[in-house]
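Number of protein chains: 2
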Amino acid sequence: MARPLVECVPNFSEGRRQDVIEAIVSPLKNVPGVYLFDYRADADHNRLVISLVGHPEELQNALIASAKIAAQCIDMNVHKGAHPRIGAVDVIPFTPISGITMQQCIELTHGFGARYYKDTGIPVYFYEEAAMREERRKLEVVRKGQYEVLKEAVKNDPSRLPDVGENALHPTAGATVIGARKFLVAFNVNLGTTDVNVAKEIAKTVRASSGGLCHVKGIGLALEDRHMVQVSMNLVDYEKNSMYRVLEMIRMEARRWGVHVVETEVYGMVPAAAMLESSAYYMQTAGFDPDQVIELKLLKKMMEDA
Amino acid sequence: MARPLVECVPNFSEGRRQDVIEAIVSPLKNVPGVYLFDYRADADHNRLVISLVGHPEELQNALIASAKIAAQCIDMNVHKGAHPRIGAVDVIPFTPISGITMQQCIELTHGFGARYYKDTGIPVYFYEEAAMREERRKLEVVRKGQYEVLKEAVKNDPSRLPDVGENALHPTAGATVIGARKFLVAFNVNLGTTDVNVAKEIAKTVRASSGGLCHVKGIGLALEDRHMVQVSMNLVDYEKNSMYRVLEMIRMEARRWGVHVVETEVYGMVPAAAMLESSAYYMQTAGFDPDQVIELKLLKKMMEDA
Numbered sequence: 001m002a003r004p005l006v007e008c009v010p011n012f013s014e015g016r017r018q019d020v021i022e023a024i025v026s027p028l029k030n031v032p033g034v035y036l037f038d039y040r041a042d043a044d045h046n047r048l049v050i051s052l053v054g055h056p057e058e059l060q061n062a063l064i065a066s067a068k069i070a071a072q073c074i075d076m077n078v079h080k081g082a083h084p085r086i087g088a089v090d091v092i093p094f095t096p097i098s099g100i101t102m103q104q105c106i107e108l109t110h111g112f113g114a115r116y117y118k119d120t121g122i123p124v125y126f127y128e129e130a131a132m133r134e135e136r137r138k139l140e141v142v143r144k145g146q147y148e149v150l151k152e153a154v155k156n157d158p159s160r161l162p163d164v165g166e167n168a169l170h171p172t173a174g175a176t177v178i179g180a181r182k183f184l185v186a187f188n189v190n191l192g193t194t195d196v197n198v199a200k201e202i203a204k205t206v207r208a209s210s211g212g213l214c215h216v217k218g219i220g221l222a223l224e225d226r227h228m229v230q231v232s233m234n235l236v237d238y239e240k241n242s243m244y245r246v247l248e249m250i251r252m253e254a255r256r257w258g259v260h261v262v263e264t265e266v267y268g269m270v271p272a273a274a275m276l277e278s279s280a281y282y283m284q285t286a287g288f289d290p291d292q293v294i295e296l297k298l299l300k301k302m303m304e305d306a
Numbered sequence: 001m002a003r004p005l006v007e008c009v010p011n012f013s014e015g016r017r018q019d020v021i022e023a024i025v026s027p028l029k030n031v032p033g034v035y036l037f038d039y040r041a042d043a044d045h046n047r048l049v050i051s052l053v054g055h056p057e058e059l060q061n062a063l064i065a066s067a068k069i070a071a072q073c074i075d076m077n078v079h080k081g082a083h084p085r086i087g088a089v090d091v092i093p094f095t096p097i098s099g100i101t102m103q104q105c106i107e108l109t110h111g112f113g114a115r116y117y118k119d120t121g122i123p124v125y126f127y128e129e130a131a132m133r134e135e136r137r138k139l140e141v142v143r144k145g146q147y148e149v150l151k152e153a154v155k156n157d158p159s160r161l162p163d164v165g166e167n168a169l170h171p172t173a174g175a176t177v178i179g180a181r182k183f184l185v186a187f188n189v190n191l192g193t194t195d196v197n198v199a200k201e202i203a204k205t206v207r208a209s210s211g212g213l214c215h216v217k218g219i220g221l222a223l224e225d226r227h228m229v230q231v232s233m234n235l236v237d238y239e240k241n242s243m244y245r246v247l248e249m250i251r252m253e254a255r256r257w258g259v260h261v262v263e264t265e266v267y268g269m270v271p272a273a274a275m276l277e278s279s280a281y282y283m284q285t286a287g288f289d290p291d292q293v294i295e296l297k298l299l300k301k302m303m304e305d306a
């Protein structure tokens with residue numbers, strides 16, 4: 001059996017001091033079982049976003065080590081930045097990649113949150129799939145008013161009490177929002193027209209907020225330099241709303257205006273299963289097993305051996 | 001830079017004695033840098049087929065160790081089996097998977113052949129892309145008359161001299177055919193008719209031997225139990241003749257008879273690039289990088305670290 005793999009994209013409230021950024025990242029580098037894909041600091045946001053994939057145990061250990069460094073180096077009482085935040089370690093979302101169900105990932109998240117508070121003294125709010133109060137599924141509800149408001153509210157507003165911890169934030173590191181969520185696929189469809197209304201109308205037909213597919217968020221916008229328009233989307237559940245289904249629905253709607261799909265864009269990372277599901281549709285492959293893909297089988301073998 | 005990866009599917013002339021089979025496989029198990037995917041022994045063929053993926057250096061070391069065991073345990077003078085063969089280690093084909101070009105794979109094959117003869121005393125014939133004589137590209141030319149004929153012919157027929165070695169086979173292990181070849185994708189398209197002539201006619205339009213696509217081999221056959229017919233193909237260069245192109249060509253030809261594609265089958269392993277190329281066609285993904293696929297990026301990271 002291959003060991004479970006999860007993705008984690010922790011966000012830290014430091015995007016300016018290079019030495020602090022490197023110190024936070026260092027426990028995540030060259031750790032067996034933890035794979036650092038990328039990290040990007042933004043000075044305006046004063047924020048650091050790290051992309052990791054790893055096995056749960058090793059990943060959790062490395063995250064705790066990083067969080068301890070962040071708590072030492074970042075003082076939320078003096079932190080300023082354009083991005084909303086409530087803590088030095090602002091959010092830690094876990095996403096199941098393979099060998100782990102969402103339910104197991106939620107359990108992992110809750111276990112991690114308890115240990116995180118014990119080891120760092122930073123109180124924890126759970127969000128998205130791991131939320132313990134329904135309204136906390138939404139990150140903006142947890143972060144309402146940001147650090148400055150929450151610091152006071154937590155003392156006497158029961159609705160702002162952390163899920164793990166007492167009625168006080170960490171004196172310098174604030175609080176951390178920890179959650180479990182599905183992998184989000186950023187998928188854009190570019191259309192051969194300069195009429196942005198076509199993209200806006202189509203976005204309405206496919207997105208959940210206007211009554212379309214339940215797990216699609218989307219807007220229509222103009223790509224003026226390219227003389228095209230775009231339906232820009234987030235697929236928040238690529239298993240329920242497959243890429244091919246979204247694409248073919250847009251293609252079908254575009255016919256009303258005699259407009260064609262010029263190209264599509266997958267922005268950022270995508271799980272192999274999302275691509276294979278779409279190729280299975282178009283290629284009509286029956287009984288195809290991801291283990292037939294050499295690289296996926298090899299990855300499984302390497303993880304078994306590791 | 002990720003280290004090169006090659007696939008290797010060595011064939012040994014032993015499909016009956018379980019202890020010999022396990023002895024041959026043992027140097028290929030639990031070796032860092034060598035990943036044993038599968039091994040299948042066939043008693044009628046009296047043959048063992050092993051699927052491996054690995055880094056060139058580690059893979060070559062392990063193969064030499066296996067070959068030495070095979071040479072000790074198998075005597076070609078008493079070997080019998082339904083499958084054509086000239087040696088205890090009958091064929092060793094290398095296939096580039098990633099981080100290595102075909103030209104580099106050919107050089108690797110030639111270097112390996114020289115070392116193989118030096119270490120085992122078994123003469124070597126190079127075939128397919130690594131052939132040193134044009135006619136030896138074809139395995140059946142090298143294996144003509146099998147072990148029994150070659151054993152005598154090698155002594156005085158210059159056309160049967162090995163590429164590495166003298167004018168005599170190894171006294172018990174015979175000779176080995178070593179080569180480099182592209183990855184072969186086995187791809188079948190099932191059609192909704194019981195008229196096998198439709199599949200036969202379509203096979204003629206797509207396969208190289210009848211003037212179709214240069215890197216497609218194929219036949220039409222009936223799937224009687226399923227009330228369908230099949231165009232059964234080997235894509236011997238999936239980069240030049242992509243899966244989607246072959247499928248759409250078959251779909252287009254089938255229209256002549258009002259016949260539809262019911263499903264397709266990918267038999268055995270397939271490189272990720274072959275699937276992604278086809279999904280890029282259907283999904284019209286512009287600028288898609290395989291590194292965007294989480295599992296492929298993770299595999300690269302793991303190989304960098306290894």
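Heads up: the sequence lines are chains A and B, in that order.
Using the working numbering, you'd call the opening residue of the first sequence number 1 and step up by one each time.
Using the working numbering, you'd call the opening residue of the second sequence number 1 and step up by one each time.
Cβ atoms here follow ideal geometry from the backbone N, Cα and C, with glycine treated the same way.
**Study point:** Where the alpha helix (DSSP H) containing L139/A begins and where it ends
**Key:** L139 to V142
Report task. With DSSP collapsed to three states, give me the class of R115/A. Result -> In the structure shown, R115/A falls within a helical segment according to DSSP collapsed to helix, strand and coil.
query = Using a C-beta cutoff of 8 Å, does Y117/B count as contacting chain A?
reply = no
Q. Would the beta-carbon of Y35/A fall within 8 Å of that of V49/A?
A. no
Where does the unbroken alpha helix (DSSP H) through C373/A begin, and where does it stop?
-> Summary: the structure shown does not reach residue 373/A, with chain A confined to residues 1 through 306, and so no result is reported for it.
Contact belief for T109/B with A130/B at Cβ below 8 Å, rounded distance in angstroms
T109/B to A130/B, Cβ: 4 Å. Contact.
Item checked: Sufficient close CB pairs (3 or more, under 8 Å) joining the region 95-115 of chain B to the region 67-86 of chain B -> no
Tell me the residue span of the beta strand (DSSP E) that contains V9/B.
Neither: V9/B is in no beta strand (DSSP E) and is coded neither H nor E.
- [ ] Compute the Euclidean distance between the alpha carbons of D146/A and G33/B, then round it to the nearest angstrom.
- [x] It should be pointed out that residue 146/A corresponds to Gln in this sequence rather than to Asp. If you take the alpha carbons of Q146/A and G33/B, they lie about 49 Å apart.
For Q292/B, go through chain A and note every residue whose CB falls closer than 8 Å to its CB, in chain order.
Neighbours of Q292/B on chain A, chain order: V266, G268, M269 and V270.
Cβ-Cβ distance between A70/B and A173/B below 8 Å = yes
Legend entry - Element boundaries [alpha helix (DSSP H), containing D19/B]: Where D19/B is concerned, the enclosing alpha helix (DSSP H) starts and stops at Q18 to V25.
Cα-Cα separation, M269/A to V185/A
7 Å
- Using a C-beta to C-beta distance shorter than 8 Å, which residues of chain B count as neighbours of F94/A? In chain order: nothing, as chain B lies at least about 14 Å away.
To the nearest angstrom, how far is the alpha carbon of S288/B from that of A280/B? Looking at the sequence shown, residue 288/B is not Ser but Phe. Taking the straight line from one Cα to the other gives about 8 Å.
(request) Give a yes or no on whether the C-beta atoms belonging to Y127/B and V149/B are separated by under 8 Å. (result) In this structure, the beta-carbon distance from Y127/B to V149/B does not fall below 8 Å.
Give me the Cα-Cα distance between D195/A and Y244/A, rounded to the nearest whole angstrom. 24 Å
### Message
Between T101/A, S13/A and L52/A, which has its C-alpha nearest D298/B's C-alpha?
### Response
Looking at the sequence itself, residue 298/B is Leu, so the reference to Asp does not match. Nearest of T101/A, S13/A and L52/A to L298/B, Cα basis: L52/A.
Query - CB of A62/A within 8 Å of CB of V31/A, strictly - result: In this structure, V31/A lies closer than 8 Å to A62/A by Cβ.
> Within 8 Å (strictly less), CB to CB, does E57/B reach chain A?
Replying inline: With 8 Å as the cut-off, E57/B does not count as an interface residue toward chain A.
Check: At what residues does the beta strand (DSSP E) containing A186/A begin and finish?
Finding: V185 to L191
*Roughly how many angstroms separate the alpha carbons of V154/A and M102/A, rounded to a whole number?*
Their Cα atoms are separated by approximately 30 Å.
Y238/B CB to nearest chain A CB: under 8 Å? no
Q. Is the CB of P97/A under 8 Å away from at least one CB in chain B?
A. Here residue 97/A is Ile; the residue named in the question, Pro, does not match the sequence. For I97/A, the answer is yes, since a Cβ of chain B falls inside 8 Å of its Cβ.
(Q) Short of 8 Å Cβ to Cβ, which residues in the region 249-263 of chain A face chain B? (A) Going along the region 249-263 of chain A in chain order, one finds V261, V262 and E263 with a Cβ nearer than 8 Å to chain B.
*Identify the contact partners of G287/B in chain A, using a Cβ-Cβ distance below 8 Å as the criterion.*
E265
query: Which residues does DSSP pair with L36/B in a beta bridge?
result: L52/B
Item to complete: Indicate whether at least one CB of chain A lies closer than 8 Å to the CB of Y35/B.
Response: yes
(Q) Please report the straight-line C-alpha distance between K151/A and L169/A, rounded to a whole angstrom. (A) 6 Å
### Query
chain B beta carbons: is any one of them nearer than 8 Å to that of M233/A?
no
message: Can you give me the C-alpha to C-alpha distance between A222/A and M302/A, rounded to a whole angstrom?
response: 45 Å
If we cut at 8 Å on Cβ distances, does Q146/A have a partner in chain B? no
Do we get a CB-CB distance below 8 Å when we pair Q18/B with the residues of chain A?
no
In this structure, does DSSP put H170/B in helix, strand or coil?
strand
Query raised in the report: When you compare only the Cα positions, how much space is there between R137/B and A41/B?
Result: 26 Å
query = Name the chain A residues that come within less than 7 Å of V53/B, Cβ to Cβ?
reply = I294 and L298
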